[in-house]
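The letter at position 60 of the sequence shown is residue 1026 when you use this note's numbering, and the numbering goes up by one with no holes. We treat Cβ as the ideally placed atom computed from N, Cα and C, and that holds for glycine. Because the structure is a prediction, the values reported are computed rather than measured. Scroll down for the structure; my scribbles are underneath it.
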Amino acid sequence: MIKVITYGTYDLFHRGHQRLLERAKALGDYLIVGVTADTFDRERGKINVQQTLMERVEAVRATGLADEIIIEEYEGQKIDDIKRYGVDIFTVGSDWRGKFDYLREFCEVVYLERTEGVSSTEIRSEKRALRLGLVGESPILDKIRNESSFVNGIEISGIFTINDHCLSDDLKRLATATPSFDRLMEESDALYIISEPRLHYAQIRQALSRGKHVLCESPIAMTVDEWQELINMARERGLVLMDSIKTAYSLAYYRLRLLAKSGIIGDIMSVDATCTSLFNFDAFKQGDRQLPEWNSICAWGPTALLPIYQLLGTDYTDKTIVTRLAEGNADFDLFTKISFIYPDAVASLKVGRGVKSEGELVISGTKGYIYVPAPWWKTDYFEVRYEDPVANKRYFYQLDGEGLRYELVSFLKSVQTGRSLSYVSESVSRAIAGTISDFVARRDTVII
Ligand code: CTP
């Protein structure tokens, strides 16, 4: 019996896939088809595969051509599979010619002519692109523009900014073409907002009332009432409204969350997160301009709150905020520390734009702890540590684009499918707005 093996993503199954599988089957008596796992695709840079692994496996199964379907999960697996299944022929399309010659050591390698004129990439990009308008004043806008080029299905439609000093020349040109918020909305299906936090509520409200989806740098509102109003508006209109917190989409952080929840360190007793980035006060002439509204709590609070609310939930029993404000500016906190008490755990965060500290995350449990080195919010690495260091484990996950790329994919998929695929749940989003609002109203707050 001649065994043949072939691999692919098989996203949005098309006639090119069908023809390849037919010819692969004809090469022998038994066909094994390897379908790539989502994480494997992500690692190799294919990030916006539209269908889930199960849907793609189903499409291959439905052809009736595969005698066996396996999942391709890691680099180098092909050699293992060929040996394990006793494969005689490895085959793929001619777009891979030469790339798999190294497998000739183990079996015959056949490149089949690729079917002209069709590919998953083309089918994905035929869907009308989501026109994403940018709003605000931040160098992150340049990153968003750059990262959107890795996501097919999003095109940047323009930018509305009050102050273009931190934008690239390309973005400045786009800003001239869309000089008002209204004009930008005319050109866009959705907005990414990173304006000053106090403007978020009004801008999101306006966008939703015009039928636009919104991805907004967290916090999306400064009070829970405003937050609720926006969430209701989005729901009534069938629009997507998502908090942007890129760390939520970092693979290492996401995996760490799952590991912590699965009990690898026992019961979680404490979550401690620190995020700081020194603001350049010297270069900033206080006389000319106001200090920026992205104070410590707004700039870093949502990120530092993320592991606390995601791991311990939002039902804490007590909270104390301790803050140090800038001289002559009661809105700008140089440093803020928040301590939380839960029924069976505690948590703390430290954020600072006027104080520097080690930006690490430590999750302490009854059996061990998870340590994420600075800067933990854009890490590709963490360790699980135990009393006996021999049992320690290290985890690496590649991080492309600081998580922004995957956040854009989630946003796009949410818009396309009409259901929220945000990694920040509504309860966490609400709790973040609540904490910021407590800070602003000086509830549970001590000023030092
Ligand atoms: N294939 C083919 N003819 C096409 C498209 C794909 O013969 N027009 C083959 C590929 O060479 C590969 C298999 O089908 O052996 C699975 O390919 P996959 O990468 O899943 O499909 P693509 O359409 O090439 O996907 P993408 O555009 O995302 O790269």
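**Asked** Would residue 1284 pass as a contact of residue 1292 if the rule is Cβ separation under 9 Å?
**Response** Pairing residue 1284 with residue 1292 gives a Cβ-Cβ distance that is not under 9 Å.
**Request:** Quick one: give me the first and last residue of the alpha helix (DSSP H) that residue 1198 is part of.
**Result:** It spans 1190-1203 - the alpha helix (DSSP H) in which residue 1198 sits, taken as one unbroken run.
**Prompt:** If you drop the 5 nearest sequence neighbours on each side, which residues of the same chain put their C-beta closer than 6 Å to that of residue 1081?
**Reply:** The answer, listed in chain order, is 982, 985.
**Item:** residue 1262 - DSSP class collapsed to helix/strand/coil
**Value:** Note: residue 1262 maps to helix in three-state DSSP.
**Item:** Beta-carbon spacing of residue 1109, residue 1367 below 9 Å
**Value:** Here residue 1109 is near residue 1367, since their CB atoms are less than 9 Å apart.
**Request:** Give a yes or no on whether the C-beta atoms belonging to residue 1238 and residue 1329 are separated by under 9 Å.
**Result:** Taking C-beta atoms as the reference points, residue 1238 and residue 1329 count as a pair closer than 9 Å.
**Prompt:** When every heavy atom of the ligand CTP is checked, does at least one fall within less than 8 Å of the C-beta of residue 1061?
**Reply:** Checking the Cβ of residue 1061 against the ligand CTP gives yes.
**Alpha-carbon spacing of residue 1041 relative to residue 1017, whole angstroms** = Residue 1041 and residue 1017: Cα-Cα distance of roughly 21 Å.
**Item:** Local conformation of residue 1407 per DSSP, three classes
**Value:** If DSSP states are grouped into helix, strand and coil, residue 1407 belongs with the helices.
**Prompt:** So who's on the other strand from residue 1183, going by DSSP bridges?
**Reply:** Residue 1183 pairs with 1210.
**Message:** Determine whether the beta carbon atoms of residue 1140 and residue 1156 lie at a separation below 9 Å.
**Reply:** Not closer than 9 Å, so no.
**Residue closest to residue 1270, alpha-carbon to alpha-carbon, out of 1213, 1200, 1152** = Of the listed residues, the one whose Cα sits closest to residue 1270 is 1213.
**Prompt:** Between which two residues does the beta strand (DSSP E) carrying residue 1078 extend?
**Reply:** In the DSSP annotation of this structure, the continuous segment of the beta strand (DSSP E) that includes residue 1078 starts and ends at 1074-1078.
**Message:** In the DSSP output, which residue or residues are listed as bridge partners for residue 1375?
**Reply:** In DSSP, residue 1375 forms no bridge with anything.
**Asked** For residue 1179, is the beta carbon positioned less than 8 Å from some heavy atom of the ligand CTP?
**Response** No.
**Message:** Based on DSSP bridge pairs, tell me the residues matched to residue 1056.
**Reply:** Paired residues: 971, 1075.
**Prompt:** Looking only at its own chain, which residues have a Cβ that is under 6 Å from the Cβ of residue 1340, when we skip the five neighbours before and after it?
**Reply:** For residue 1340, same chain residues with a beta-carbon under 6 Å away, outside a window of 5 residues either side, are 1324, 1325, 1326 in chain order.
**Asked** What's the gap between the Cα of residue 1361 and the Cα of residue 1004?
**Response** The alpha-carbon of residue 1361 is positioned some 18 Å away from that of residue 1004.
**Request:** Mind checking which residues open and close the beta strand (DSSP E) that includes residue 1308?
**Result:** Note, residue 1308: beta strand (DSSP E), 1295-1308.
**Message:** Rounded to whole angstroms, what is the Cα-Cα separation between residue 1085 and residue 972?
**Reply:** Their Cα atoms are separated by approximately 17 Å.
**Message:** Just verifying my parser: in three-state terms, what is the DSSP assignment at residue 1351?
**Reply:** The answer is strand: DSSP assigns residue 1351 an E or B state.
**Asked** In three-state DSSP terms, what is residue 1147?
**Response** Shown here, residue 1147 sits in a helix according to DSSP, grouped into three states.
**Message:** Quick test of your reading: residue 1057 and residue 1031, contact by CB under 8 Å. State the CB separation rounded to the nearest angstrom.
**Reply:** For a cut-off of 8 Å, the C-beta gap from residue 1057 to residue 1031 is around 13 Å, too long to register as a contact.
**Inter-residue spacing [alpha-carbon to alpha-carbon] between residue 1123 and residue 1151** = Taking the straight line from one Cα to the other gives about 9 Å.
**Request:** Compute the Euclidean distance between the alpha carbons of residue 1397 and residue 1052, then round it to the nearest angstrom.
**Result:** If you take the alpha carbons of residue 1397 and residue 1052, they lie about 55 Å apart.
**Message:** Does the CB of residue 1120 have a neighbour CB from chain C at under 9 Å?
**Reply:** No chain C appears in this structure, which consists of one protein chain only.
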